[in-house]
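**Student:** So that we are looking at the same thing, I have put the structure below in structure tokens.
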Amino acid sequence: MKMLAKTALIVALSAIASLALAGEVKPFSQQEFDTLTQAGKPVVLDITAPWCPTCKAQAPIVDALTKNPAYKDVTLLTIDFDTSKPTLKLLKVNQQSTLIAFKGTQEVARSTGDTTQAGLENIFKKSVN
1 MKMLAKTALI VALSAIASLA LAGEVKPFSQ QEFDTLTQAG KPVVLDITAP WCPTCKAQAP
61 IVDALTKNPA YKDVTLLTID FDTSKPTLKL LKVNQQSTLI AFKGTQEVAR STGDTTQAGL
121 ENIFKKSVN
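What follows is the structure, encoded as structure tokens:
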């Protein structure tokens with residue numbers, strides 16, 4: 001029984017440690033975006049729509065990137081394409097499946113419709129390098 005308890009503890013601690021290495025994923029708010037970018041933090045905006053097949057293809061790649069230790073400092077802010085038109089207008093976004101990388105207050109990369117691992121990872125890389 002002690003061996004089972006130790007194994008469960010190790011599994012739980014491993015899960016907690018992996019979460020500590022993961023980047024944060026939050027819904028977009030202007031206040032959160034401003035706070036992060038003004039503090040010089042790397043931010044990636046993920047503009048999606050639930051009906052979008054390209055967004056669905058991007059989702060598992062983006063999810064894996066947020067869990068990659070190399071991008072643990074990146075905050076992913078999700079924006080719903082259908083309900084955030086004023087924000088999208090300010091960001092000059094005309095299409096769902098768009099990712100925008102910021103390094104501090106500076107936009108450093110933008111991609112629309114890319115479903116490749118390399119292309120999406122490039123967005124994350126530019127926010128931290």
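Just so we're aligned, residue 1 is where the sequence shown starts under full-length UniProt numbering, counting upward by one.
Don't be surprised by glycine CBs; every beta carbon is placed ideally from N, CA and C.
Under the three-state reduction of DSSP, which class applies to A49: helix, strand or coil?
**Tutor:** coil
**Student:** Is the beta carbon of Q58 less than 8 Å from the beta carbon of L120?
**Tutor:** Yes.
**Student:** What's the call for T66, buried or exposed, on a 16-neighbour Cβ count within 10 Å?
**Tutor:** buried
**Student:** Taking the Cβ atom as the reference point for each residue, do I46 and V62 lie within a distance shorter than 8 Å?
**Tutor:** Residue identity differs from the one stated: residue 46 is Asp in this sequence, not Ile. Cβ distance < 8 Å, so D46 and V62 count as in contact.
**Student:** For A101, I'd like the list of residues in its chain whose CB is within less than 6 Å of its CB, leaving aside the five on either flank, ordered along the chain.
**Tutor:** V44, V108, A109, I123, K126, S127
**Student:** If the criterion is Cβ atoms closer than 8 Å, does the pair K103 and T75 meet it?
**Tutor:** no
**Student:** Shortest alpha-carbon distance to G23 belongs to which of P50, A49, T78?
**Tutor:** T78
**Student:** Alpha carbon to alpha carbon, how far is V25 from F33?
**Tutor:** 12 Å
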